[in-house]
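> Going line by line, the protein sequences match chains C and V. The opening residue of the first sequence carries number 1 in our numbering; numbering runs sequentially from there. The opening residue of the second sequence carries number 1001 in our numbering; numbering runs sequentially from there. Quick reminder that beta carbons are idealized off the backbone N, C-alpha and C, glycines included.
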Amino acid sequence: MAERGVDQKEEKKSYGSVFVLGAGILAALSLWAFLDDNITRRPWKGFQAKFYRLDYNKAQAAYDEEDKKLQADDKYKELSQKLAAFQASLADGEVGKKLNSQIAEEARVTVKFQEADQKVKDVKSELEEAWYEHDHAVQQKRKIEPYLEVIAALDKKKAVLDKELEPIREKRNQLKDEIKKIQSGAKEIETELVKMTGERDKWIRVMENVTFKLGPFTFPKIPKIQQVSLDEFDRNRFDQPVARVDRCQTCHLAINRPGFEKEANPYKTHPRREVLLADSAHSPDKIGCTGCHEGQGMAVNGVKQAHGDVHLWEFPLLRGAKVQSSCTSCHQDVQKFAEDAPLLAEGQRLFEQVGCTGCHLVKGYENIPKIAPSLKKISAKVDPGWMVRWIENPHKFRQRTRMPNFDLKPDDALAVAAYIWSQSKEEADQWTQTHPAPAGFREGDPNDIAKGKKLVETIGCKGCHGFADGEFSTPLGKSKDLVPNLKDIAAKVVGPQWIYHWIKNPRGFEPETRMPSLRLSDDEALSITNYLMSLGGRPDPVAGIQEKLADAKNIKRGEVLVRKWGCFGCHDIKGMEKESRIGAELTTFGSKTVEELGFGNRTDVKHTWDDWTYFKLKTPRGYATERIEQLMPQFNLHDDDIKALRTLLGGFRERKVGQRYLADQGLRVQQVVEGRRLMQQYNCVGCHEIEKQGGFVRKYYQENVALAPPPLNGQGEKVQSSWFYSFLKSPTTLRPWLEIRMPTFGFSDEHTTQLVNYFNGLSKVEQPYHYIDDRKFPAENLEAAKILASAEYFNCFSCHVQGGKNPEGPKEGWAPDLAMARQRLNPNWIIKWLKDPQKIQPGAKMPSFYPGGPDNILGGKEDRQIEALRDYLMSIGRGAAPAAAAAPQVPAKAKPAK
Amino acid sequence: MNKFGSLVLAMSLVAAPAMAAYEGGDVKDGGSISGSVKFKGTAPAPKKLDVGKDKEVCGKTAKMDQSLIVEGGNLVNAVVTITDIKKGKKIELKKVQFDQNGCEYTPHVVAFPAGTTVEVINPDGILHNVHSYSKVNTAFNQAQPKFKKTLEVKIEKPEAVEVKCDVHGWMHGWLVATESPYVAVTDKSGSFKLDNVPAGSYTVEVWHEKLGKSTQKVTVKAKEDAKVTFEVAGK
Ligand SMILES: [Cu+2]
């Protein structure tokens, strides 16, 4: 019989295998989803887990090591045993028993005390009441005697009770003290032990940091994104401040932790962490990583992504030295980073001094003066044939000149020369007429030449110029000379007439020249001229050159060419005063994407910003094509110099970092940057060591450094600003034993102020002026100092000039006139100097007199003796004004640099 | 103040590891090295120094240039040391004296193991200063006025330190500190002796301020004297 609606066969069919399969797939998928989510897509979790293990193991090892040391320490053993014994005794020994009984006793006494105390309190309130009744009676003019009786009775009662309470209170306090004493018996041992185990136990905290506890089990810490959010760090396209988020420390977990210097990345400690990171400089928790290093700070799903090495991400990670480019984003003064950002500092100096700013505008570099000489009187200065050859290719005559090679065809070079020559003719001829050939010039006289050579070598010319192959003072990168090498100078100039007047008074020929006057006498100038005229052969005469230079067609063509090649970027040329820079603005050059850079037809250059820039500087016209002309001339820069320049260019970014992240942008920093730039333009470091750098002329004084120009480290702190200002304006002889002369530069007021501010900024001088009040010098001090300075004691005038009175012996053993101190020196500096001259100027001839002052003066108190000497120095030379050395006529028109 | 009279310029921390290389102890049956240093070439004529200052004190006797003295073919004031000795006699640090009497350092060259205190004496009653031109040790420049008859300086690390007086430009001398206690300065006859040397083979070095260094291998036998003669060529 068939049953209705039931299919037996179907009923008995089993779907078990389908469910098993389904469940299996589901499980597998879940597992896959879990793995994908936690491992494949979250590689940073793996990095973290691995780091936590590393950190834990390192801490464990360090802990074990410290522990081993402690276990071997007898004092530690003794203390821990003492502590253990005490604790055991406290738990169930003698001490424990005593403590317990004391506690019980104290509880009993406390009850007793409270009862007695309550009684006293009761009597007190009764007394209050009695007094109230008494006062009331007084007011109502009733009889008060009964009340007074009650009060007296109560007073008596209180006195009795008080007497009973006192011993109970004492007993209780005594018990409390005893309990406390027993309980704190271990305190001392414990504190001492903690002191000893500190080094070891800090590792426990490190281990706790990378683990967490669940019941009795310890697990490694659960990975977590480590992110730093920098509010208002960036600006978006609408110039609104936006935050920047860095997650770099999700993987770079030890970047700001010592002890991981030798690990591989990403677990490595940042190089020079103490200086560059730590908490003071660039704490990564406050300013993140990408501010300097770029990359894609938010990305964590892969190493390449995070480092920004992906298509269309504009800021790939800056590796190695490239990171130096970033300093300029926040720092105004990068020259002081010679140690940590050497390429950047060098690149900036090259950029300013090789002449880049002549053609290219960059914000912050607009005011660099033209680096090359004015050509307004050039026809009075150089040989015309030489000039044409020079324009054709300057590197042929002077390989290390800053002037680049424009690679001009000979007739173009001639045309350029013709225009410049004709423009200068009028002014030059006028100058020549008013500056006639010097009388008494004995051209070729070997004695005179030798005398000139000696002068050149001693009075300071070599602080800037070289006079032989490979000779130079201040280096400019690896391939350039900051100042011309004069080894072939006779082959360049018109003749001795120009040299003579030029070296006597450079500003008389070129009002804005950086060449200073060395205050030469006529005789000296004649000898030096004679020497210079002996360097290199005279130029080869070129037939008909004057006519070619005067040819109107050439002049006209030359004008067009000068405009095209932008000669006025570096030189002043009459008629070209209004021209502006011909190169591209580079203010945001570092932000250019590869797509914005034209590679021309070059196939050998990798398509990166780095390579483009490198080859642009190496072969400036390399990206030109048949249709696109390129004008940038060949500088012949050394590879290292190119890399330094590229580092600076990389920092020219379209980026405004939020105000709060900027390094000190105050007036002082600005003054240092500005003043240093000026100092470098005038090449003060050629002779003087400043900021512990330079003083290049010293290499000629190795036999006797005492005859070299003084180092100026800390100059701002040493001298009074008013004196310094006058000195820079018109140098006076401070050290008559030196043959080398401080030149007269003819600084404008503005430049002099800038230089004084620079030195004051470096020394952080708060108070540049000093008023010397003679009434404030204690007579006792002056008397004592006179004795101290005498031959019986310090014998100061054994070496120091005394108000123009010279000491005995040869000049090189002399020291500055102490009568100048009042005008010249900062009184506080004198104190520092007397305390330890070697600290201020290592190698100074001035010896330390302290510690070691005499016992019998000013009570033997050294500080007082030093103060007395200072007072004395400031008091002598009263009224003596610094005598100005004869300065050459400086044209009034010395206007400040643009 | 006088408690500072004996001023010690010390860098004791840095000095320790440098000295660790030499280990001093008892020497049994030690031998010795003795000999002389000859000068090869023509001896320079003695040069008189120009005393242009404090003549009453400094000019009493004629000052001769001490930087190269040859007496009968023997080189005076050369420093002889064993450079490669690691173990030997105990270093006993005794104060040595460096006298400025008459504005001249006597002796012109003093040699001693590093860590020795040098007592600089000023019997002249005028100001001198003791200016060291050292690179390994911390350079010092101490004034020594009339009232300070002695001044102490300590040379912590091995180095030949030139000392000059800036007050009297002609004054210069040498303080030579060595790693081991085996050091001697040649006398008027150019001879020297290093005693209590453990048997073994060593490198013996002669150093002279003008002529530089030269070395020889010397083998020392127990209780015997090893003779060695150096010949240093003039420059
Ligand atoms: Cu002296």
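1) Beta-carbon separation of Lys1235(V) and Asp1029(V) under 8 Å?
2) Looking at ligand 1, does it come within less than 7 Å of Met846(C), judged from the CB to the closest heavy atom?
3) Taking the DSSP output, what are the residues bridged to Gly976(V)?
4) Write down the C-beta distance between Glu352(C) and Arg676(C) rounded to the nearest angstrom, noting that I regard them as a contact closer than 8 Å.
5) What is the DSSP secondary structure of Phe794(C), reduced to helix, strand or coil?
6) Hey, would you say Tyr758(C) sits closer than 8 Å to Met874(C), going by beta carbons?
7) Measuring from the CB of Cys1165(V), is there a heavy atom of ligand 1 at a distance below 7 Å?
8) Does the beta-carbon distance from Phe233(C) to Gly291(C) come in below 8 Å?
9) Taking the Cβ atom as the reference point for each residue, do Thr900(C) and Ile499(C) lie within a distance shorter than 8 Å?
10) Give the DSSP bridge partners of Phe219(C), in chain order.
11) If you scan the region 716-763 of chain C from start to end, which runs of the beta strand (DSSP E) of 3 or more residues do you find wholly inside it?
12) Under 8 Å, Cβ to Cβ, is there at least one residue of chain V near Lys845(C)?
13) For Asn826(C), name the three-state secondary structure that DSSP assigns.
14) Quick check: Gly635(C) and Val382(C), are their CB atoms within less than 8 Å of each other?
15) Comparing the C-beta of Leu1175(V) with each C-beta of chain C, is any distance below 8 Å?
16) Can you tell which of Ile489(C), Lys12(C), Thr401(C) has its C-alpha closest to the C-alpha of Lys478(C)?
17) Does ligand 2 have even one heavy atom less than 7 Å from the beta-carbon of Cys796(C)?
18) Within the continuous alpha helix (DSSP H) that includes Tyr1133(V), where are the two ends?
19) Report the rounded CA-to-CA distance for Gly569(C) versus Lys322(C), giving the unit in angstroms.
20) With a threshold of 16 other CB atoms inside 10 Å of the CB of Met846(C), please say whether the residue is buried or exposed.
21) Quick one: residues in its chain with C-beta nearer than 8 Å to the C-beta of Cys327(C), no 5 flanking neighbours on either side, listed in chain order?
22) In chain order, what residues of the region 773-798 of chain C put their CB closer than 8 Å to some CB of chain V?
23) Taking a Cβ distance cut-off of 8 Å, strictly less, list which residues of the region 808-833 of chain C are near chain V, in chain order.
24) Taking Lys1148(V) as the reference, which of Ala791(C), Val18(C), Ala91(C) has the closest Cα?
25) How would you call Ala1045(V), buried or exposed, if buried means at least 16 neighbouring beta carbons within 10 angstroms?
26) Do Leu518(C) and Pro743(C) have their C-beta atoms within less than 8 Å of each other?
27) Identify the residues that DSSP records as bridge partners of Phe1112(V): which are they?
28) Does DSSP classify Asn1002(V) as helix, strand or coil?
29) Counting along the chain, where does the alpha helix (DSSP H) carrying Phe34(C) start and finish?
30) Out of curiosity, what's the CA-to-CA distance linking Val1014(V) and Gln1216(V)?
31) Excluding sequence positions up to five away, which residues of its chain have a Cβ less than 7 Å from the Cβ of Gly1041(V)?
32) Compare the Cα-Cα distances from Ser977(C) to each of His571(C), Tyr769(C), Lys776(C) and report the closest residue.
33) Assign Asn38(C) to one of two classes, buried (16 or more other C-beta atoms within 10 Å of its C-beta) or exposed (fewer than that).
34) Below 8 Å between beta carbons: does that hold for Leu649(C) and Phe599(C)?
35) In whole angstroms, give me the CA-to-CA distance for Glu905(C) and Ala72(C).
36) So if I threshold CB-CB distances at 8 Å, which residues from the region 852-865 of chain C count as touching chain V?
So, to answer that:
1) no
2) no
3) Residue 976(V) is absent from the model: chain V starts at 1001 and stops at 1235.
4) At roughly 10 Å, the Cβ-Cβ gap does not stay under 8 Å, so Glu352(C) and Arg676(C) are not in contact.
5) coil
6) no
7) yes
8) yes
9) Here chain C covers residues 1 to 898 and nothing more, so residue 900(C) does not appear.
10) Phe212(C)
11) none
12) yes
13) coil
14) Reading off the sequence, residue 635(C) comes out as Phe, not Gly. No, the Cβ-Cβ distance between Phe635(C) and Val382(C) is not below 8 Å.
15) no
16) Thr401(C)
17) Ligands displayed in this structure: ligand 1; ligand 2 is not among them.
18) Element bounds for Tyr1133(V): not the alpha helix (DSSP H) but the beta strand (DSSP E), 1128-1133.
19) 30 Å
20) buried
21) Cys292, Val334, Phe337, Ala341, Leu344, Gly651
22) Ala791, Glu792, Tyr793, Phe794, Asn795, Ser798
23) Glu808, Gly809, Pro810, Glu812, Gly813
24) Ala791(C)
25) exposed
26) yes
27) Ala1177(V)
28) With a pLDDT of only 39 at Asn1002(V), under 50, the local geometry of the prediction cannot be trusted, and the value read off the model is given with reservation. In the structure shown, Asn1002(V) sits in a helix (DSSP, three-state: H, G or I).
29) 16-35
30) Note on Val1014(V): pLDDT 37, under 50, position unreliable in the model; the coordinate value appears next. Taking the straight line joining both Cα atoms gives about 31 Å.
31) Ala1233, Gly1234
32) Residue 977(C) is absent from the model: chain C starts at 1 and stops at 898.
33) exposed
34) no
35) Because chain C in this structure spans residues 1 to 898, residue 905(C) falls outside the shown range and cannot be described.
36) Gly852, Gly853, Pro854, Asp855, Gly860, Glu862
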